[in-house]
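Engineer:
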Amino acid sequence: MNKLFIYSLLICCTAIALGSCTKYLDEKPDNLLTTDLVWQKRSTTESYLNQVYSHVLIQADDYTTLGGSDETTCALAGVNVRKMVTGNWSAQSNYWDYWPTYYEGIRQSIVFDQNIDKVPSSELSDALKSQYKSEALFLRGWFYWRLLRQYGPVVLLRNTIGLNEDYSKYPRAPFDSCVAEINSLMDRAAAGLPPTWTSSANYGRATKGACLSVKAQLALLAASPLWNGNPLFGSFKNNDGEQLAPTSYDANKWKTAADAAKAVIDLGVYKLYMNTDDGDANFDPLVSYRNVFVSNWNNEIIFSSNLAGAFWIWGLEIRCAPWPAGLCIQNATQNVVDAFYMRNGLTIDDTNSGYTEQGFAQADDPANWGVARDGINRGYITGNSNMYVGREARFYAAVMYNGKPAVAAPTSDDRNFFSSTQNIDGRGRTEFYYSGKSGSHTNSNNDITGYNVLKGVSPGSNIRYSQVTYRPYIHMRYAEILLDYIEALNEYDPANPDIIKYLDMIHARAGLPGFETVYPNSVGNQDAMRKVILKERQIELCFEGDRYFTLARRLIMNDPKVLTIYRMNVNADDNGQGFSFPDFYTRNLFQTRFWDNKMYLFPIPQDELDRTKGMVQNPGW
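Taking numbering that gives the first Met the number 0, I'd label the letters of the sequence shown as residues 0 to 620.
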């Protein structure tokens with residue numbers, strides 16, 4: 000682990016750099032020979048803080064958070080996540096290895112905190128020094144929180160570690176001690192930060208709201224079965240016998256989690272974004288949900304990385320876009336498609352829902368979602384399979400299915416580029432069937448499930464020419480906090496009316512009716528509402544990286560329904576029938592994934608353990 004904590008004398012530019020509207024966030028200290036030089040000028044001091052921010056990683060760049068759960072797979076057979084879900088990995092694999100990056104961020108935040116007071120007052124005011132200290136404290140807590148979520152108990156540092164340190168003196172801290180340290184860092188940071196930023200120049204910076212949100216998510220993790228008396232961790236101890244995981248269940252942790260989420264709500268500075276916030280005359284649930292992720296900024300965002308011209312945007316849209324301009328490799332599963340409600344609020348397995356998998360739509364979607372903004376009906380259209388008819392707005396904003404006019408391209412000519420000759424109609428309907436442009440017969444690396452991810456793809460982009468639209472990457476948003484709140488509330492106070500109040504708030508934005516009017520018998524039933532809330536997380540937060548960690552913390556990653564992955568019949572020869580080939584729209588078993596309970600935590604990279612003899616490996620690895 001010494002590579003993480005060597006007191007570096009040179010500040011290097013990293014591949015992931017924080018950008019913003021503010022000029023200094025784009026500046027880097029140039030060829031500095033000693034860290035003392037950093038603290039002589041405002042520009043280099045702020046650039047150092049920028050380096051700390053640069054370790055806030057962009058999960059959209061990683062297949063794991065999506066493909067590791069039941070949300071997606073990747074069409075490229077050789078990617079790490081395809082190996083992980085077959086059990087083909089170890090502590091030597093270094094898959095999704097964020098350990099060194101986060102610890103480098105922790106080290107830099109400590110250096111920043113210890114040195115910022117050296118900056119002359121003529122260069123940096125006391126008020127800004129205090130603010131920047133608070134930001135660095137938040138970032139240190141953020142890195143610990145991300146490590147804790149992925150690896151479990153971590154090594155807590157208060158100072159940088161020198162070259163000749165005895166690394167055996169640095170064992171892992173117990174889980175509850177890690178929680179307490181992160182909470183302390185967030186409390187200290189929150190005291191010096193505003194609830195939110197009102198100036199666009201500061202978007203992407205830490206805020207009090209972000210600090211409280213980390214505390215809320217941390218408390219939910221601590222309350223969940225993975226870390227609340229989990230018998231799997233009964234023997235999880237340091238070398239000296241110190242217990243690293245709580246061994247007994249504490250129901251009060253759910254109240255702590257609910258209270259922490261409610262503190263964010265009570266700030267009163269966040270809201271669920273609606274398209275009417277941007278001046279549209281009429282509410283559109285599809286545009287409202289879609290534009291949370293593709294607008295420049297909105298009041299639902301709690302913490303984001305403002306990466307102007309960032310590679311992740313291009314990467315996301317290229318991965319999700321159909322052939323031939325896109326890679327067509329971020330493939331959604333039938334599992335997630337089946338999770339979405341019908342627009343009457345009923346599940347597709349409810350006999351009263353109106354859902355059918357037989358036949359094709361005889362008319363375009365009368366809701367006309369997206370037409371006012373884009374001129375294109377973003378719901379279902381004539382000829383779509385009936386399995387995609389009458390679904391809720393979030394489905395059409397999140398999933399690209401066979402025949403959906405979803406290509407990010409501004410003109411008819413651009414959209415026709417994605418269509419076979421017989422399908423040219425100016426709409427760019429996605430061709431996932433066997434002989435289609437994005438079909439398995441056309442390219443061996445094409446779509447393998449019959450679906451792609453659409454969420455986060457901007458209709459303002461032109462994927463034909465790899466032109467993408469800027470927007471921030473969202474790490475935390477208000478809808479997630481509402482879901483955190485009602486999940487925790489249901490565990491200790493299942494009759495609390497806030498559960499339905501905030502669930503309905505999310506459903507209303509999605510254009511769905513009130514939950515109690517649809518499933519009144521579930522209200523107040525703790526077991527039933529637990530399933531409803533976890534389903535709501537699966538839908539509302541789909542493709543955002545939450546699903547993997549929710550399944551893990553709830554100890555349900557081993558559920559056969561999660562491990563059994565379905566797709567459409569993509570390899571059946573359509574014999575030229577294209578979109579109207581009925582056999583395409585039948586479920587096929589794609590994969591039964593491997594699971595071992597050791598996989599609830601990632602292994603600490605073996606080379607880190609070899610350097611740091613005081614650390615123990617995670618159970619089973």
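Yeah, the Cβ is synthetic: ideal placement off N, Cα and C, and Gly gets one too.
May I ask you to report which of helix, strand or coil DSSP gives SER579?
Structural biologist: To locate residue 579, count along the sequence shown from 1; it is residue 580. Helix.
Engineer: Which of the three DSSP states is assigned to VAL452 in this structure?
Structural biologist: What you label residue 452 is simply residue 453 of the sequence shown in a count that begins at 1. Of the three classes helix, strand and coil, the one that applies to VAL452 here is strand, per DSSP.
Engineer: Looking at the ligand ATP, does it come within less than 7 angstroms of TYR379, judged from the CB to the closest heavy atom?
Structural biologist: Questions concerning the ligand ATP fall outside what the structure shown contains, since it holds no ligand whatsoever.
Engineer: Is ARG508 helix, strand or coil by DSSP?
Structural biologist: The sequence position of residue 508 within the sequence shown is 509, counting from 1. The answer is helix: DSSP assigns ARG508 an H, G or I state.
Engineer: By alpha-carbon positions, which one of TRP98, GLY66, THR85, TYR47 ends up nearest to GLN605?
Structural biologist: Against the sequence shown, residue 605 aligns to sequence position 606. Checking every option, the nearest Cα to that of GLN605 belongs to TRP98.
Engineer: Here's the rule I'm using: 16 or more other beta-carbon atoms within 10 Å means buried, otherwise exposed. How should GLY208 be labelled?
Structural biologist: Taking the sequence shown and counting its residues from 1, the one referred to as residue 208 is at position 209. Counting Cβ neighbours within 10 Å, GLY208 comes out buried, since at least 16 surround it.
Engineer: Between which two residues does the beta strand (DSSP E) containing ASN298 stretch?
Structural biologist: Along the sequence shown, one-based indexing puts residue 298 at 299. Element bounds for ASN298: n/a, residue is neither H nor E.
Engineer: Please report how far the alpha carbon of LEU488 lies from the alpha carbon of GLN537, in whole angstroms.
Structural biologist: Along the sequence shown, read from residue 1 onward, the residue named residue 488 stands at position 489. Along the sequence shown, read from residue 1 onward, the residue named residue 537 stands at position 538. Their Cα atoms are separated by approximately 18 angstroms.
Engineer: Could you check which residue in THR159, ALA215, ALA407 has the C-alpha nearest to that of LEU315?
Structural biologist: Residue numbering aside, residue 315 sits at position 316 when the sequence shown is read from its first letter. If we check each option's Cα against that of LEU315, ALA407 comes out closest.
Engineer: Counting C-beta neighbours from all protein chains within 10 Å, is the total for GLY86 16 or more, i.e. buried, or is it exposed?
Structural biologist: As a working note, residue 86 is residue 87 in the sequence shown. Result: exposed.
Engineer: I'd like to check one pair, ALA244 with PHE142: are the Cβ atoms closer than 8 angstroms?
Structural biologist: Within the sequence shown, numbered from 1, the residue matching residue 142 stands at position 143. Within the sequence shown, numbered from 1, the residue matching residue 244 stands at position 245. Contact flag unset, no.
Engineer: Between the C-alpha atoms of ASP96 and LEU550, what's the straight-line distance to the nearest angstrom?
Structural biologist: For this step, residue 96 is matched to residue 97 along the sequence shown. For this step, residue 550 is matched to residue 551 along the sequence shown. ASP96 and LEU550: Cα-Cα distance of roughly 20 angstroms.
Engineer: I'd like the span of the alpha helix (DSSP H) that includes CYS210, first residue to last.
Structural biologist: Numbered from 1 along the sequence shown, position 211 holds the residue referred to as residue 210. Element bounds for CYS210: 207-222.
Engineer: Starting from the N-terminal side, write out each stretch of the beta strand (DSSP E) that is 3 residues or longer and does not extend beyond the stretch 546-608.
Structural biologist: Fully enclosed beta strand (DSSP E) runs of 3 or longer: 563-566, 587-591.
Engineer: Whose C-beta lies closer than 7 angstroms to the C-beta of GLU391 among residues of the same chain, with five residues either side of it excluded?
Structural biologist: Within the sequence shown, the letter at position 392 stands for residue 391. Around GLU391: PHE339, TYR340, MET341, ARG342, ALA509, GLY510, LEU511.
Engineer: Would DSSP call THR43 helix, strand or coil?
Structural biologist: Counted from its first residue, the sequence shown places residue 43 at position 44. Here THR43 sits in helix by DSSP.
Engineer: Over what stretch of residues does the beta strand (DSSP E) that includes GLN361 continue unbroken?
Structural biologist: The count along the sequence shown starts at 1 and reaches residue 361 at position 362. Premise fails: GLN361 is in no beta strand (DSSP E) and is neither H nor E.
Engineer: What would DSSP say about THR34, mapped onto helix, strand or coil?
Structural biologist: Within the sequence shown, the letter at position 35 stands for residue 34. The answer is helix: DSSP assigns THR34 an H, G or I state.
Engineer: Could you check what DSSP says for ASN383 in three-state terms: helix, strand or coil?
Structural biologist: Residue 383 sits at position 384 when you count from the first residue of the sequence shown. DSSP places ASN383 in coil when its eight states are reduced to three.
Engineer: Does GLN50 pass the burial test, meaning 16 or more other C-beta atoms within 10 Å, or should it be called exposed?
Structural biologist: In the sequence shown, the residue the question calls residue 50 occupies position 51. Buried: at least 16 other Cβ atoms inside 10 Å.
Engineer: With 16 as the cutoff for other CB atoms within 10 Å, does LYS22 come out buried or exposed?
Structural biologist: Residue numbering aside, residue 22 sits at position 23 when the sequence shown is read from its first letter. With a pLDDT of 29 at LYS22, under the threshold of 50, the modelled position of that residue is not reliable, and the figure given next carries that caveat. Per the 10 Å Cβ criterion, exposed.
Engineer: Beta-carbon separation of GLU299 and TYR477 under 8 angstroms?
Structural biologist: The residue given as residue 299 occupies position 300 in the sequence shown. The residue given as residue 477 occupies position 478 in the sequence shown. Yes.
Engineer: Residue range of the alpha helix (DSSP H) that VAL517 falls in?
Structural biologist: As a first step, residue 517 must be located in the sequence shown, where it is residue number 518. Unbroken alpha helix (DSSP H) run through VAL517: 514-517.
Engineer: Taking the alpha-carbon positions, what's the THR206 to LEU184 distance?
Structural biologist: Counting from one through the sequence shown, the residue named residue 206 turns up at place 207. Counting from one through the sequence shown, the residue named residue 184 turns up at place 185. The straight-line gap from Cα to Cα measures roughly 13 angstroms.
Engineer: Kindly indicate which residue of ILE57, LEU127, ILE447, THR255 has the alpha-carbon position closest to the one of SER42.
Structural biologist: Translated into the one-based positions of the sequence shown, residue 42 becomes position 43. Closest option to SER42, Cα to Cα, is LEU127.
Engineer: Am I right that ASP492 and VAL569 are in contact with their C-beta atoms under 8 angstroms? What's the rounded C-beta distance?
Structural biologist: Within the sequence shown, numbered from 1, the residue matching residue 492 stands at position 493. Within the sequence shown, numbered from 1, the residue matching residue 569 stands at position 570. Going by Cβ atoms, the distance from ASP492 to VAL569 rounds to 46 angstroms, so no, they are not a contact pair.
Engineer: Measuring straight from C-alpha to C-alpha, what distance separates GLU486 and ILE317?
Structural biologist: Here the question's residue 486 lines up with position 487 in the sequence shown. Here the question's residue 317 lines up with position 318 in the sequence shown. So the two alpha carbons sit approximately 35 angstroms from each other.
Engineer: For PRO409 and ARG372, I'd like the C-alpha separation in whole angstroms.
Structural biologist: Position 410 of the sequence shown, counting from 1, holds the residue named residue 409. Position 373 of the sequence shown, counting from 1, holds the residue named residue 372. Approximately 12 angstroms, taken between the alpha carbons.
Engineer: Does the beta-carbon of GLY344 have 16 or more other beta-carbons within 10 angstroms, so that it is buried, or is it exposed?
Structural biologist: Numbered from 1 along the sequence shown, position 345 holds the residue referred to as residue 344. Per the 10 Å Cβ criterion, buried.
Engineer: Rank GLY325, GLU122, PHE580, LYS270 by C-alpha distance to the C-alpha of TYR501 and give the top, closest one.
Structural biologist: As a working note, residue 501 is residue 502 in the sequence shown. Nearest option by C-alpha distance: LYS270.
Engineer: Within the continuous beta strand (DSSP E) that includes TYR143, where are the two ends?
Structural biologist: Locating residue 143 in the sequence shown gives position 144, counting from the first residue. Run containing TYR143: none in the beta strand (DSSP E); it sits in the alpha helix (DSSP H), 125-150.
Engineer: From what residue to what residue does the alpha helix (DSSP H) around GLN333 run?
Structural biologist: Here residue 333 is taken as the residue at index 334 of the sequence shown, counted from 1. First-last of the alpha helix (DSSP H) with GLN333: 333-338.
Engineer: Contact between the stretch 555-570 and the stretch 587-604 is defined here as three or more beta-carbon pairs at a separation below 8 angstroms; is this criterion met?
Structural biologist: Output reads yes: the stretch 587-604 touches the stretch 555-570.
Engineer: Is it buried or exposed, ALA222, if we count other Cβ atoms within 10 angstroms and call 16 or more buried?
Structural biologist: Start at 1 with the first residue of the sequence shown, and residue 222 comes out as number 223. With 16 or more Cβ atoms within 10 Å of its Cβ, ALA222 is classed as buried.
Engineer: Of the residues ASP582, VAL153, LEU123, which one's Cα is nearest the Cα of GLY358?
Structural biologist: Here residue 358 refers to the residue found at position 359 when the sequence shown is read from its first residue. Minimum Cα distance to GLY358 is reached at ASP582.
Engineer: What residues in its chain sit with their C-beta under 7 angstroms from that of VAL178, if we drop five residues either side in the sequence?
Structural biologist: As a first step, residue 178 must be located in the sequence shown, where it is residue number 179. Result list for VAL178: LEU217, ALA221, in chain order.
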